[in-house]
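Just so you know, we're using the working numbering here: the sequence shown kicks off at 44 and counts up by one.
Glycine residues also receive a C-beta, built at the ideal position from the N, C-alpha and C atoms.
Worksheet: the structure to be examined is printed underneath.
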Amino acid sequence: MSKPASMNKKKLKHMEPTGKHVFRASIILLFLMLFVSLFFKNAFLEGCNKILSVLICQLGWFYLLGVFFLVVAVLYIAFSRYGDIKLGGDDAKPEFSTFSWIAMMFAAGMGVGLVFWGCAQPLSLYYDPAPYLNVQPQTPDAFLYSIVICYFQWGIHPWCIYSILGILLAYTQFRKEERGLMSRTLLPIFGRGIIKSWVGKVIDIATVLATMTGLITTLGLTTLQVSRGFNFMFGLPLNNYTYFFIILIMTVCFLTSAISGVSKGVRIISNFNLVLCFLLLFCAFIFGPTTATFNTITSALGEYISQIVRMSLAINVNEIKMNSWTAKWTIFMWATWITWAPLVATFLARVSRGRTIREFISAVVFGPTLLTLIWFAAFGAMAYEVAPLIGKAAVSDPALTLFIVLKHYPFGFILSLMSVILLITFFITSADSAVLVLSILTSHGKLNPNNSRKFVWGILLSGLSFCVIRAGGLQLVKNIAIIGALPFLIFLLISVFSLIRFLSRDRRIIRDRWVKRILFEDKKIRDFDKL
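In structure tokens:
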């Protein structure tokens, strides 16, 4: 007598992999890293600094060349014959509208960073320009090239890093119907046997650790800037109680959004983010130096296009000052984007089913980049206009720079309040996306993991962030992020060849589709499917 179908389903569900080994190992290693950083802080910081020094002196060139190679690879794929391939079946339809799709990508990718650095980075580079540009600090040229550097470090380079991995993940999941795991993206390189062994688990655990490290840094910086904003506007004290309360509120919000699902929580808040972002940007144009902003966009864009290759490869082994600046800005920014790549790419893949590769790259690389360029020009021009009033001290605390600048403009209090709200909602979408991604990675690639795992990762993310802030260990996490970026950059470079091999295997399908289209259109053959 055969067993009932319900019993068979339960048995199959019980036998289905849950990713518990990756989940448990990731949590143990995270707590171990936190323990060492808290109780052996000085030794840990000294060790990280030594490793960083070696990396910058010996392998700085590798960061620059590696990221430049990723940019070239993405642009090649976008304009190649592979651009028409859909991330899904040939009949797959997009799950989200184009507006919601771009809004979610932008919010998950770098929304928090734009609010934090919108005024702080142009002003910092105005006082400390790139040595290879040969401009004097605190001059009009220094301001122009400060915006150019912002374009370079926040433009197509980070989005190409996200894109190459996002395409590969979406292709693997939706076209090859594999699990949503980072290790599965390397199947064409290593084969199924190796990927299903301990090697695959190590890759997935390393992905979780890299993602968590970047997230803790971001939540820490967000908490500090929100607390600085409330202190600046309302006199709220800066202490652990304030940090705890802010983290608690944000945790409740992003967990509520995460549990409600992508189609509800993330989509709704991302749409709100984009609307509020455009409103704040519009206010920056109206109340700020409008003509100067448009002039800055035009001039900086021209310089950015003409200097992009030079800036991508600018390093000199014989110039300590140049390497110091490159390490402080370019390599640090590249490391930040690389450590965020697993999170953003996994989320991009999750919301991009039904899009073609060319459509994906066009939206991911050029859509958010355009908004980023306008954002830095507008807020950079506002900072430059009041630079003589606020002085160099305004950049000593980047978390406070935005509020100091806005204070000198009409409705500065309202603009500051809007910025804090935008900062919080941007982080909610980033943390929401992160909880989803971490849950997918530790649930053996399930695209819709259970809410209990989301809850666990949300609590861990917030708890670890508070512990690091309380111990003053954000610099430790930033150092770890830079160090961790090196092996993940190697992974990204391998993933390019994995994607090319995936696409090359579909060459016959692409050729057959082209032949069918020609025959169908020219000879009017009705039995299309039999060709």
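If you follow the alpha helix (DSSP H) that residue i is in, where does it begin and where does it stop?
i	result
Trp-383	375-393
Leu-27	Lying outside 44 to 574, the shown extent of the chain, residue 27 is not represented and no answer is given.
Gly-13	As shown, the chain starts at 44 and ends at 574. That puts residue 13 outside it, with no answer to give.
Met-354	333-355
Arg-235	235-238
Tyr-125	Counting along the chain, Tyr-125 falls outside any alpha helix (DSSP H), and DSSP gives it neither H nor E.
Pro-201	199-213
Thr-294	283-303
Ile-312	310-330
Do residue i and residue j have their C-beta atoms within less than 8 Å of each other?
i	j	result
Lys-129	Gly-410	no
Leu-503	Ile-94	no
Val-117	Val-408	yes
Ala-424	Thr-341	no
Tyr-106	Leu-507	no
Val-511	Ile-259	yes
Thr-266	Ile-290	yes
Leu-279	Thr-468	no
Leu-466	Val-242	no
Phe-419	Pro-165	yes
Leu-445	Tyr-452	no
Ile-358	Gly-103	yes
Phe-297	Gly-501	yes
Phe-328	Thr-334	no
Leu-113	Val-539	yes
Pro-492	Ser-505	no
Ile-120	Ile-400	yes
Gly-90	Phe-217	no
Output the distance between the C-alpha atoms of residue i and residue j, rounded to the nearest integer angstrom.
i	j	result
Asn-177	Gly-272	35 Å
Met-225	Tyr-427	43 Å
Ile-381	Leu-212	15 Å
Leu-262	Tyr-214	30 Å
Leu-413	Leu-529	28 Å
Phe-422	Lys-219	44 Å
Leu-356	Phe-195	12 Å
Trp-383	Thr-256	9 Å
Lys-63	Leu-484	10 Å
Arg-124	Asp-549	11 Å
Cys-100	Glu-138	46 Å
Ile-204	Ile-312	25 Å
Val-429	Met-461	20 Å
Ala-392	Phe-321	25 Å
Leu-535	Gly-455	43 Å
Gly-527	Ser-140	35 Å
Ser-495	Val-269	29 Å
Val-110	Gly-209	15 Å
Asn-282	Phe-275	14 Å
Ile-287	Ile-237	This sequence places Phe at residue 287; Ile is not what is there. So the two alpha carbons sit approximately 44 Å from each other.
Gly-126	Trp-144	19 Å
His-487	Val-499	16 Å
Phe-122	Glu-402	11 Å
Trp-197	Ala-173	16 Å
Phe-83	Thr-369	29 Å
Ala-68	Val-251	10 Å
Ile-433	Tyr-170	13 Å
Val-245	Phe-325	46 Å
Leu-108	Ser-395	29 Å
Leu-317	Arg-222	31 Å
Lys-11	Phe-66	No statement about residue 11 is possible, as the shown extent of the chain runs from 44 to 574 and does not include it.
Gly-331	Ile-199	26 Å
Gly-167	Asp-134	Looking at the sequence shown, residue 167 is not Gly but Ser. The straight-line gap from Cα to Cα measures roughly 50 Å.
For residue i and chain B, any beta-carbon pair shorter than 8 Å?
i	result
Ile-289	No chain B appears in this structure, which consists of one protein chain only.
Extract the residue ranges of the alpha helix (DSSP H) inside the segment 459-545, only unbroken runs of 4 or more that lie entirely within it. 494-513
At a cut of 8 Å, does the segment 178-191 reach the segment 462-476 through at least three beta carbon pairs? no
Complete alpha helix (DSSP H) runs within the segment 389-451 (minimum length 4 residues, chain order): 400-404, 410-433 and 441-449
When you compare the segment 531-547 with the segment 226-240, are there three or more beta-carbon pairs, one atom per stretch, that lie closer than 8 Å? yes
State whether the segment 435-449 contacts the segment 336-353, with contact taken as three or more CB pairs (one from each stretch) at a distance under 8 Å. no
Contiguous alpha helix (DSSP H) assignments of at least 4 residues, all confined to the segment 165-194: none
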